[in-house]
Amino acid sequence: QVQLVESGGALVQAGGSLRLSCAASGSLASINTMGWSRQAPGKKRELVAIITSGGGINYADSVKGRFTISRDNGKNILSLQMSSLKPEDTAVYYCHAATWSAGVYWGQGTQVTVSS
Numbered sequence: 001q002v003q004l005v006e007s008g009g010a011l012v013q014a015g016g017s018l019r020l021s022c023a024a025s026g027s028l029a030s031i032n033t034m035g036w037s038r039q040a041p042g043k044k045r046e047l048v049a050i051i052t053s054g055g056g057i058n059y060a061d062s063v064k065g066r067f068t069i070s071r072d073n074g075k076n077i078l079s080l081q082m083s084s085l086k087p088e089d090t091a092v093y094y095c096h097a098a099t100w101s102a103g104v105y106w107g108q109g110t111q112v113t114v115s116s
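The numbering of the sequence shown is my numbering, which starts it at 1 and goes up by one.
Here you go:
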């Protein structure tokens with residue numbers, strides 16, 4: 001079992017920055033890839049960024065150059081630094097962790113609202 005708790009969501013003006021954090025606990029050795037996804041009202045959940053246990057990183061085209069994902073294995077924290085935020089970044093952001101053999105775990109989500 002893996003538990004994930006997100007924090008850092010807030011209301012921010014367009015052009016601003018925000019940092020999301022995800023604290024992981026439980027069977028951490030079973031985790032391979034971690035990442036962030038988001039879901040805006042009325043839209044499907046979309047992958048924002050992922051980072052593998054080996055440090056490989058991928059971003060959605062919509063956030064490349066603006067968002068940075070990082071993983072502190074010592075503190076068991078996954079972060080998402082978001083800058084140059086746009087109103088279309090408004091969504092609930094979810095942290096997730098894919099394990100080697102036990103599927104994918106999700107956090108409860110944190111709301112990010114970008115005002116124009």
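Quick reminder that beta carbons are idealized off the backbone N, C-alpha and C, glycines included.
Keep in mind it's a predicted model, so treat the numbers as computed, not measured.
Practice task
Compute the distance between the beta-carbons of V12 and V112, then report whether it is under 9 Å.
Solution key: Numbered from its first residue, the sequence shown carries residue 12 at position 12. Numbered from its first residue, the sequence shown carries residue 112 at position 112. Cβ atoms of V12 and V112: closer than 9 Å.
Problem - Reduced DSSP secondary structure (H/G/I, E/B, other) of L47 - result: As a first step, residue 47 is located in the sequence shown; it is residue number 47 there, counting from the start. Residue state, collapsed to three classes: strand.
Problem - Counted within 10 angstroms of its Cβ, other Cβ atoms place G15 as buried (16 or more) or exposed - result: Reading the sequence shown from its first residue, position 15 is the one you call residue 15. Classification of G15: exposed, given that the 10 Å Cβ count is below 16.
Exercise for the section: May I ask which residues mark the beginning and end of the beta strand (DSSP E) holding R38? Expected result: The residue labelled residue 38 in the question sits at position 38 within the sequence shown. Bounds of the beta strand (DSSP E) holding R38 are I31 to Q39.
Handout entry: Where V104 falls, given that 16 or more other Cβ within 10 Å makes a residue buried
Key = Within the sequence shown, the letter at position 104 stands for residue 104. Exposure of V104 is indicated by the presence of fewer than 16 other C-beta atoms within 10 angstroms of its C-beta.
Handout entry: Limits of the beta strand (DSSP E) - the one that D89 falls within
Key = Indexing the sequence shown from 1 puts residue 89 at position 89. Note, D89: premise wrong, no beta strand (DSSP E); not H, not E.
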